[in-house]
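Chains as they are written, first to last, in the working numbering: chain A, 856 to 968; chain B, 989 to 1101.
Ideal placement from N, C-alpha and C gives every residue a C-beta, glycine not left out.
First comes the structure, then the notes that go with it.
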Amino acid sequence: GAVVSQHPSWVICKSGTSVKIECRSLDFQATTMFWYRQFPKQSLMLMATSNEGSKATYEQGVEKDKFLINHASLTLSTLTVTSAHPEDSSFYICSAARLGELFFGEGSRLTVL
Amino acid sequence: KNQVEQSPQSLIILEGKNCTLQCNYTVSPFSNLRWYKQDTGRGPVSLTIMTFSENTKSNGRYTATLDADTKQSSLHITASQLSDSASYICVVISSGNTGKLIFGQGTTLQVKP
């Protein structure tokens, strides 16, 4: 079964609103989780590295005030897309490492109207 | 510049046929190479992990090869099934730069009956 769970799997929101996506590691603790973004027919693009108890590390070009990441516990990281716009519509995926293996969540499809 | 190039970009084969996907990389220093299968609208699932010293690794009908000298990897799928239709992503992990993951663009495979 899945070892990394994401919620919601899909969400539709109005432009200007904020959306929170959760990423949970099941049955293991993850001090580090990763957030990716994927556009249609493209590969995953790392957005940021989420660190439990400290600030996330963002990749170049990713706005930290736009994509808020909180890693409050060893099993939960959240990505909040603030003041969402249609161009933020994408597939967002998280991952966590367990015993050297990288497990991905099922992804969250965000559509901003 | 660390890059991972996959070919072909897309591929259509008939059910029961074999196929081979290619992955060339320029990542250095190299730690390991992973192949993932991503079904449409889902998160990637690991197929194989290959370290520097490994040449071949199989996972059921999937066989991955690695030539660390030429920096090439291949994923061979034997006796394809309709459920093999997916995107296959090659990911190379660098041992430097805190283990950064470099994603290929993926190969989209469609298996037709």
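Consult DSSP for residue i and reduce its assignment to one of helix, strand or coil.
{"i": "B/Ser1016", "result": "coil"}
{"i": "B/Leu1070", "result": "helix"}
{"i": "A/Glu877", "result": "strand"}
{"i": "A/Glu961", "result": "coil"}
{"i": "A/Glu942", "result": "helix"}
{"i": "B/Arg1022", "result": "strand"}
{"i": "A/Arg892", "result": "strand"}
{"i": "A/Phe922", "result": "strand"}
{"i": "B/Lys1005", "result": "coil"}
{"i": "B/Glu1042", "result": "coil"}
{"i": "B/Phe1091", "result": "strand"}
{"i": "B/Asp1027", "result": "coil"}
{"i": "A/Thr966", "result": "strand"}
{"i": "B/Asp1055", "result": "strand"}
{"i": "B/Thr1096", "result": "strand"}
Whose CA, out of the options, lies closest to the CA of residue i?
{"i": "A/Ser950", "options": "A/Thr935, A/Ala939, A/Leu931, A/Asp943", "result": "A/Leu931"}
{"i": "A/Arg964", "options": "A/Ile867, A/Val858, A/Ala927, A/Ser860", "result": "A/Ile867"}
{"i": "A/Thr886", "options": "A/Lys896, A/Ser905, A/Leu968", "result": "A/Ser905"}
{"i": "B/Val1015", "options": "B/Ile1077, B/Arg1030, B/Ser1082, B/Ser1075", "result": "B/Ser1082"}
{"i": "A/Leu899", "options": "A/Ala939, A/Thr872, A/Gly960", "result": "A/Gly960"}
{"i": "B/Asp1072", "options": "B/Thr1039, B/Thr1058, B/Leu1002, B/Lys989", "result": "B/Leu1002"}
{"i": "B/Met1038", "options": "B/Phe1018, B/Ser1068, B/Gln997", "result": "B/Phe1018"}
{"i": "A/Gly962", "options": "B/Asn1020, B/Val992, B/Asn1006, B/Val1033", "result": "B/Val1033"}
{"i": "B/Glu993", "options": "B/His1064, B/Gly1004, B/Lys1059", "result": "B/Lys1059"}
{"i": "B/Val1099", "options": "B/Lys1088, B/Asp1027, B/Phe1040", "result": "B/Asp1027"}
{"i": "B/His1064", "options": "B/Val1080, B/Ile1090, B/Val1079, B/Thr1036", "result": "B/Thr1036"}
{"i": "A/Ile924", "options": "A/Phe889, A/Val858, A/Ser864", "result": "A/Phe889"}
{"i": "B/Gly1094", "options": "A/Val936, A/Phe894, A/Lys910, A/Glu918", "result": "A/Phe894"}
{"i": "A/Glu907", "options": "A/Leu929, A/Lys896, A/Ser860", "result": "A/Leu929"}
{"i": "A/Gly871", "options": "A/Glu942, A/Ser938, A/Thr966, A/Ala911", "result": "A/Ser938"}
{"i": "B/Thr1051", "options": "B/Val1080, B/Gln991, B/Tyr1024", "result": "B/Tyr1024"}
{"i": "B/Ser1068", "options": "B/Leu999, B/Ile1090, B/Gln991, B/Lys989", "result": "B/Leu999"}
{"i": "A/Ser873", "options": "A/Phe922, A/Gln897, A/Glu914", "result": "A/Phe922"}
{"i": "B/Phe1040", "options": "B/Ser1046, B/Ile1090, B/Arg1022", "result": "B/Arg1022"}
So if DSSP puts residue i in a beta bridge, which residue, or which two residues, is it bridged to?
{"i": "B/Glu993", "result": "B/Asn1012"}
{"i": "A/His817", "result": "With chain A running from 856 to 968 in the structure shown, residue 817 of chain A is simply not present."}
{"i": "A/Thr872", "result": "In DSSP, A/Thr872 forms no bridge with anything."}
{"i": "A/Arg953", "result": "A/Glu956"}
{"i": "A/Ser932", "result": "A/Cys878"}
{"i": "A/Thr887", "result": "A/Asn906"}
{"i": "B/Leu1063", "result": "B/Leu1009, B/Ala1052"}
Give every residue of the same chain whose Cβ lies closer than 6 angstroms to the Cβ of residue i, excluding the five residues on either side of it in the sequence, and list them in chain order.
{"i": "A/Phe883", "result": "Arg953"}
{"i": "B/Ser995", "result": "Gln1010"}
{"i": "A/Lys869", "result": "Leu968"}
By Cβ distance below 7 angstroms, which residues in the same chain neighbour residue i in space, the five residues on each side in sequence not counted?
{"i": "B/Asn1012", "result": "Glu993, Lys1059, Gln1060"}
Residues in its own chain within less than 8 angstroms of residue i by CB, not counting five upstream and five downstream?
{"i": "A/Ser944", "result": "Leu965, Thr966, Val967"}
Please report whether the beta-carbon of residue i lies at a distance below 9 angstroms from any beta-carbon of chain C.
{"i": "A/Phe894", "result": "Protein chains A and B are contained in the structure displayed, whereas chain C is not."}
Requested in this report: Jot down the residue ranges of each uninterrupted beta strand (DSSP E) in the segment 895 to 919 of chain A, minimum 3 residues, whole runs only, in chain order.
Outcome: For the segment 895 to 919 of chain A, whole beta strand (DSSP E) runs of length 3 or above, ordered along the chain, are 900 to 906.
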